[in-house]
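Following this note's numbering, the numbering of the sequence shown begins with 4 at its first residue and continues without gaps.
Reviewing the structure listed below.
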Amino acid sequence: MTITKKIEQGFGNGVNGLYDVTKWINNMPVDAEVTVEDENTTAGTRAVAIQLKDYLGNDMAVRSTIMAYIAADANGDAICETAFDGIANGTDGEVIELTTGQVMWLTSEADGDIDITISETEARTGYLMLVMPNGELKGGDDVSLT
4 MTITKKIEQG FGNGVNGLYD VTKWINNMPV DAEVTVEDEN TTAGTRAVAI
54 QLKDYLGNDM AVRSTIMAYI AADANGDAIC ETAFDGIANG TDGEVIELTT
104 GQVMWLTSEA DGDIDITISE TEARTGYLML VMPNGELKGG DDVSLT
């Protein structure tokens, strides 16, 4: 037996196929705005603000978690060999470091905001890469500490 279903028939109630498909990605971050603040040379830190966005480009309206890592280049081809000293929570969201100073889970507040603080005592450059739930890499922003 073969079952054939057209997209127009949807995957739920059969009334609105497009709605049925897009609700699968509702509440899933698919984009992000990343702002790397100026370095605090006294403290050896750099703050980073992240705003997660939905598939329509709106700020997320629910808590969301994404994977992130510090890459050796802006394309995110490899994890930075030398980790930063630490990556800590800022004022919004939560950081769970899986590998100190390199790989982490980032959880936003209910409005999609995540703030992190990257610290380092020596001169170091890395690139913050966000791994979106659809597998796309976002970021590539230079996080240099001198």
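Ideal Cβ placement from N, Cα and C applies to all residues, glycine included.
In this text the structure is predicted, and so the values were computed from the model without any measurement.
Practice task
Put Asn137 into one of helix, strand or coil per three-state DSSP.
Solution key: Correct three-state label for Asn137: coil.
Practice task
Could you please give the first and the last residue of the uninterrupted beta strand (DSSP E) stretch that includes Leu59?
Solution key: It is not in any beta strand (DSSP E) - Leu59 carries neither H nor E in the DSSP assignment.
Practice task
Express the C-alpha separation of Ala126 and Asn3 in angstroms, rounding to a whole number.
Solution key: What is shown of the chain runs 4 to 149, which leaves residue 3 out entirely.
Handout entry: Distance between beta carbons of Arg49 and Val37, contact taken as under 8 Å
Key = No, Val37 and Arg49 are not in contact; Cβ-Cβ is about 12 Å, not under 8 Å.
Exercise for the section: Can you have a look at Asp57 and say buried or exposed, based on whether 16 or more other CB atoms are within 10 angstroms of its CB? Expected result: For Asp57, the number of other beta carbons within 10 angstroms of its own is at least 16, and it is reported as buried.
Exercise for the section: Compute the distance between the beta-carbons of Pro32 and Leu59, then report whether it is under 8 Å. Expected result: Contact: no.
Handout entry: Close beta carbons around Ile119, own chain, < 6 Å, minus the five adjacent residues each side
Key = Once the five neighbours on either side are set aside, the close Cβ partners of Ile119 are Val51, Ile90, Gly93 and Val98.
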